[in-house]
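One structure is given below, encoded as structure tokens.
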Amino acid sequence: MGFLLMYDITNEESFQAVQDWCTQIKTYSWDNAQVVLVGNKCDLEDERVVSTERGKQLSDQLGLEFFETSAKENINVKAVFERLVDIICDKMSESLDADPTLVNNSSKSTRLTENTSSNNSSCSC
């Protein structure tokens, strides 16, 4: 499971709420949930109230990776999602390495395309 914890670089209140949001994620999600901190609207540099350095400091404090993005200008959007997926896959791989019983080694499988229901003569379908 992964989360993008985003704040608006032009809004101090959204930045101040990050720690609370991070706590809520840790409280209400799985223990192995992966989180990336994202400062959005980096295209609005003239309106910036949260510096890049403050974002990096907070991400270090919370133990998160950090990106700045602009959804409007498509800056770093793909990179953030790709990195989050990489982190999730790495964590899943570590979990499987640590506990091989999580992998189902059974040779039985079910084809979802096969019709497994028996024909019932009383059914009109």
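Using the working numbering, read the sequence shown as starting at -8 and increasing by one per residue.
In this text, a Cβ means the ideal position worked out from N, Cα and C, and glycines have one as well.
Just so we're clear, the structure is a prediction, and the values are computed from it rather than from any experiment.
> Between the C-alpha atoms of Asp37 and Thr1, what's the straight-line distance to the nearest angstrom?
Replying inline: For Asp37 and Thr1, the distance between alpha carbons rounds to 9 Å.
> Since Trp117 and Met(-3) are thought to touch, with beta carbons under 8 Å apart, how far apart are those beta carbons, to the nearest angstrom?
Replying inline: No answer is possible for residue 117: the residues shown for the chain start at -8 and end at 116.
> Since Val27 is in the alpha helix (DSSP H), which residue starts that stretch and which ends it?
Replying inline: Counting along the chain, Val27 falls outside any alpha helix (DSSP H), though it belongs to the beta strand (DSSP E) covering 25 to 31.
> What's the gap between the Cα of Asn23 and the Cα of Leu55?
Replying inline: Separation of Asn23 and Leu55 (C-alpha to C-alpha, rounded to the nearest whole angstrom) is 13 Å.
> Going straight from the alpha carbon of Ala62 to that of Asn31, what length do you get?
Replying inline: For Ala62 and Asn31, the gap between their C-alpha atoms comes out near 7 Å.
> Enumerated in chain order, which unbroken segments of the beta strand (DSSP E) with a length of 3 residues or greater are wholly contained in the region 45 to 99?
Replying inline: Under the rule that a run must span 3 or more residues, the beta strand (DSSP E) segments found entirely inside the region 45 to 99 read 56 to 59.
> Excluding sequence positions up to five away, which residues of its chain have a Cβ less than 6 Å from the Cβ of Leu53?
Replying inline: Correct list, in chain order: Cys13.
>> Please return the same chain residues whose Cβ sits closer than 7 Å to the Cβ of Phe58, not counting the five positions on each side in sequence.
In response: For Phe58, where only same-chain residues beyond five positions count, the Cβ hits under 7 Å are Val27, Val29, Asn67, Ala70, Val71.
> Assuming Lys82 contacts Gln25 under a Cβ cut-off of 8 Å, what Cβ separation, rounded to an integer in Å, is found between them?
Replying inline: Contact between Lys82 and Gln25 holds: their C-beta atoms lie close to 6 Å from each other, under 8 Å.
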